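Protein chains in written order, with the numbering used here: chain A, 16 to 311; chain B, 483 to 774.
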């Protein structure tokens, strides 16, 4: 029984990281209907920025997270302005946007693995603070887990405040609801889209650093699988729904940890996707999504 | 030596073309967003390799049988998969097929627990080398002919109608769901065929040859060629294989690492400059046909 609760805690840890990534997916899909395949690579960049901030520049851990968030924001906005914005202006079919996102993803992965950038090797991630373990009701809770939960919670609260209580958040919701009408209401749609990319990247950047301290090994292709899982989580929760993405992430994290603990670690991807397919077949809009009417 | 290398690459390009033509039927002509095409290639490849490896003393007899069997079984498997999955639309269909591709890859990774000769994640070795240049060329020509006749048949026109407007097609008396199922299963059968050829070309299979990144590669090819254009798909497949390999030769040793950086940049640039793909939906030479 203790083993079970211990795994529950591990599931929460993995789910928190997924939540930070999947929020970016869900917000970007919500606003321009793009499955942003490059988002997992922003997460990878975040992990690397944190790595250099801690080892090279000797930043404090929290400053390192902020540093990586800011850099990721800048890079994602640049990507949006250079690669996606011209396509959006040309009004091309959605598949072109998707292929461009895949191109950006390949570019980031392979550019990062150049020797002059990050290099193709696996790097051990530094642990910038002492690992203390607590006994909590018979469970072992480490300082890493506490920090991950704490930072995730703070970021989620900030995001929630930003989206629900500020004017910018209102504009974001308006754009995702109806772009043309939002434009008529005097909202600068281009800026709001850039802002969404920036917000998503900031969360993914923080997620990268947290992933690094939880599972301390990074390499340029590390973003593919967590990115895909986070995307699955976003779809599971109902893509475009913020709270759905968070809950979906915790569900996926739990599924993965429990499959690894009780069945076999090689099957965890298969089971996560099998559950996704079953959910999609019974509730195509995801667990917490709203049903869309049929358009004729 | 260099000749042999070029022949291998050329044969590989033919295999990729066959698979891409299958995906073009599914996505280009019918509009079913599939991101799990490489999985069907993998099923065909592993199934045929398992057969030829087990009965290798029968030579080309078992090779032919294995190819036919793997085409039929990929057709049936994809048909069965499609029955529930095709209820989903657009992006969700893509996600479900992507998930299917990943499940197949995990199963292939663990295949050695049931069939030790499949090798699981260590890869399948010592597959007899039956596929050669004449065989792939003939297969490619046969596939192009079949595909051309399919597209210009009543069935093909029904698919185009479904792609353009599902509800209108339904109103015209087309059994939309059944035609979609057939299109998906036929396209996947082409992938299975190409997989079977591929397995006996390189004599080595690994689950990562058929993971979701390969499915995405196939999607790239058909979008680059122009959706719904057979000529586009064929030319884009060859260009894709030869440019990726050619960069290996052209680039000096010092910047060889840049090969995979240049390729996505070309991709992004092409999407920006020619969003409709190289050919749009136009056809070349005898692939062209006016509707009556």
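Note that the Cβ used here is the ideal one computed from N, Cα and C, for glycine as well.
Please read all numbers here as calculations on a predicted model, not as lab measurements.
For the stretch 160–213 of chain A, the continuous alpha helix (DSSP H) assignments of 4+ residues that do not extend past its boundaries occur at 182–192, 194–199, in sequence order. Separation of the CB atoms of residue 255 of chain A and residue 45 of chain A is rounded to 4 Å, and the pair is thereby assigned contact status at 8 Å.
Within the same chain, 209, 212, 213, 216 come within 8 Å of residue 92 of chain A by CB-CB distance, once the 5 residues on both sides are set aside.
DSSP places residue 512 of chain B outside both helix and strand once states are collapsed to three, so it counts as coil. Taken atom to atom, the span from the alpha-carbon of residue 560 of chain B to that of residue 152 of chain A is near 50 Å. The beta-carbon of residue 199 of chain A is placed no less than 7 Å from the nearest beta-carbon of chain B. Assignment of alpha helix (DSSP H) within the stretch 680–710 of chain B, counting only whole runs of 4 or more residues, yields 694–707 in chain order.
Assignment of residue 657 of chain B by DSSP, reduced to helix, strand and coil, places it in the coil class. Comparing alpha-carbon positions, the option among A:272, A:249, A:17 lying closest to residue 155 of chain A turns out to be A:17. Annotation: residue 120 of chain A is outside any beta strand (DSSP E); the continuous alpha helix (DSSP H) that includes it extends over 109–127.
If you check each beta-carbon in the stretch 679–711 of chain B against every beta-carbon of chain A, the ones closer than 9 Å belong to 694, 695, 698, 701, 702, 705, 706, 709.
Taking a Cβ-Cβ threshold of 8 Å, the residues of chain A close to residue 588 of chain B are 281, 282, 284, 285, in chain order. Taking 8 Å as the cut-off between beta carbons, none of the residues of the stretch 161–172 of chain A comes near chain B. Rounded to the nearest angstrom, the gap between the Cα atoms of residue 74 of chain A and residue 142 of chain A is 12 Å.
For residue 745 of chain B, the chain A residues whose Cβ falls inside 9 Å of its Cβ are 118, 121, 122, 125, in order along the chain.
Nothing from the stretch 713–730 of chain B brings a Cβ to less than 8 Å from some Cβ of chain A. Identification of chain B residues near residue 296 of chain A by a Cβ-Cβ cut-off of 9 Å yields 566, 567, 569, 570, 578, ordered along the chain. Considering only A:185, A:248, A:69, A:125, the residue with the shortest C-alpha distance to residue 228 of chain A is A:69.
Using a Cβ-Cβ cut-off of 7 Å, residue 129 of chain A counts as an interface residue toward chain B, since at least one Cβ of chain B sits closer than that to its own. Within chain A, the residues placing a beta-carbon under 7 Å from that of residue 754 of chain B are 101, 102, ordered along the chain. When 7 Å is used as the limit between beta carbons, residue 288 of chain A is near these residues of chain B: 581, 584, 585, in chain order. Taking C-beta atoms as the reference points, residue 287 of chain A and residue 267 of chain A count as a pair closer than 7 Å. Burial is judged here by how many other beta carbons sit within 10 angstroms of a residue's own beta carbon; residue 28 of chain A has at least 16 and is buried.
Annotated three-state conformation of residue 299 of chain A is coil, per DSSP.
At a Cβ-Cβ threshold of 7 Å, residue 692 of chain B and residue 520 of chain B count as neighbours.
When secondary structure is reduced to three states using DSSP, residue 613 of chain B falls in the coil class, being assigned neither helix nor strand. Around residue 138 of chain A, the same chain offers 66, 232, 233, 234 as residues with beta carbons nearer than 8 Å, after the five sequence neighbours per side are excluded. Just measuring C-alpha positions, the residue of B:698, B:711, B:615 sitting nearest residue 682 of chain B is B:615. For residue 51 of chain A and residue 557 of chain B, the gap between their C-alpha atoms comes out near 31 Å.
Its Cα nearest to that of residue 38 of chain A, the residue A:252 stands out among A:23, A:252, A:295. Residue 588 of chain B sits close to residue 284 of chain A, with the two beta carbons spaced by under 7 Å. Counting along the chain, the unbroken alpha helix (DSSP H) around residue 546 of chain B starts and ends at 542–567.
Shortest Cα-Cα distance from residue 621 of chain B to any of B:651, B:673, B:541, B:718 involves B:673. By the rule that beta-carbons nearer than 7 Å mark a contact, residue 111 of chain A touches chain B. DSSP, reduced to helix, strand and coil, places residue 281 of chain A within a helical segment of the structure shown. The residue from B:486, B:485, B:490, B:504 with its alpha-carbon nearest to that of residue 716 of chain B is B:504.
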